[in-house]
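Structure record follows, encoded as structure tokens.
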Amino acid sequence: MTESTTETSTPETHTRKEQIKSAYKTIGSNSLYDGMITNSTLLGSIINKVVWNYSKEDNDLIIQQVFNDIENNFSGKLLDVPVGTGVLTMPLYSTLPQADITCLDYSKEMLEQAKEKAEKLKLTNIQFQQGDVGHLEFEDNTFDIVLSMNGFHAFPEKEAAYNETYRVLKPGGKFIGCFYIKDECSRTDKFINTIYVKKGYFTPPFETLESLTERLKKMYSSVDISNVKSLIRFACTK
Numbered sequence: 001m002t003e004s005t006t007e008t009s010t011p012e013t014h015t016r017k018e019q020i021k022s023a024y025k026t027i028g029s030n031s032l033y034d035g036m037i038t039n040s041t042l043l044g045s046i047i048n049k050v051v052w053n054y055s056k057e058d059n060d061l062i063i064q065q066v067f068n069d070i071e072n073n074f075s076g077k078l079l080d081v082p083v084g085t086g087v088l089t090m091p092l093y094s095t096l097p098q099a100d101i102t103c104l105d106y107s108k109e110m111l112e113q114a115k116e117k118a119e120k121l122k123l124t125n126i127q128f129q130q131g132d133v134g135h136l137e138f139e140d141n142t143f144d145i146v147l148s149m150n151g152f153h154a155f156p157e158k159e160a161a162y163n164e165t166y167r168v169l170k171p172g173g174k175f176i177g178c179f180y181i182k183d184e185c186s187r188t189d190k191f192i193n194t195i196y197v198k199k200g201y202f203t204p205p206f207e208t209l210e211s212l213t214e215r216l217k218k219m220y221s222s223v224d225i226s227n228v229k230s231l232i233r234f235a236c237t238k
């Protein structure tokens, strides 16, 4: 196959996707998301502490662990999905001028924020594309790295997302990233289920440390996993 062969979304899934798009349209158009995801503002640090029981050190650790799985001189093809506002990855990409990078997000507003950051950094090796991770419009074995930070807890078609990110990855390529898992912090789980899911930011079902480890080991030749409380970091080789 040369493009996604996943089935068309059901009406229920389409409705959920529209709810997600609306939710991320709101946070993609203000600075709250960036401050929270980087733990760099007072409000962001308060939210992270209350919801995630996270300090800035915790937040920086999980991000650095993910980035450590990308070679300093990486010059291959990389798919970043979802790129979000680019607040995490654009500074990284400024250190990878030889890489061929594609940034994809379902939210037009989030994607515009990422584009603006890339323009400010004068990055010329990045293509931006609005799209659906469950229906990727790339040929098989296209990318050397698929990076997915803070996405799988939001994706409504998770099985399709796992299959599609695997499909477009080259043999020997790396699937790396991080996202929320349940059962590591009861307070976080309560916030996720009572607020984040209802608002459209997150979509169940959610993985546990055990379920994700089992899933990835069935798909990939090697798997390295670690977690910082309710966020899991993974690095897999196809």
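Residue 160 in the UniProt record's numbering is what sits at position 160 of the sequence shown, and the numbering runs on without skipping anything. In this text, a Cβ means the ideal position worked out from N, Cα and C, and glycines have one as well. Please read all numbers here as calculations on a predicted model, not as lab measurements.
L43 to V51, Cα distance in whole Å? Their Cα atoms are separated by approximately 12 Å.
Inside the UniProt domain "Methyltransferase" (77-176) only - beta strand (DSSP E) runs reaching at least 3 residues: 77-80, 100-105, 126-130, 143-149
Helix, strand or coil, according to DSSP, for S55 in the structure here? coil
Given T102, which residues of its chain have a CB within under 6 Å of its CB, disregarding the five upstream and five downstream residues? L79, Q127
Tell me which same chain residues have a C-beta within less than 7 Å of the C-beta of T208, skipping the five on either side of it? I181, K182, D183
Please state whether DSSP places S226 in a helix, a strand or coil. Strand, per DSSP.
For I46, does the three-state DSSP call read helix, strand or coil? helix
DSSP three-state assignment for I62, whether helix, strand or coil: When DSSP states are grouped into helix, strand and coil, I62 belongs to the helix group.
To the nearest angstrom, report how far apart residue 249 and Y93 are at their CA atoms. Residue coverage of the chain in this structure runs from 1 to 238, which leaves residue 249 outside it and unanswerable.
Please classify residue 240: does DSSP put it in a helix, a strand, or coil? Lying outside 1 to 238, the shown extent of the chain, residue 240 is not represented and no answer is given.
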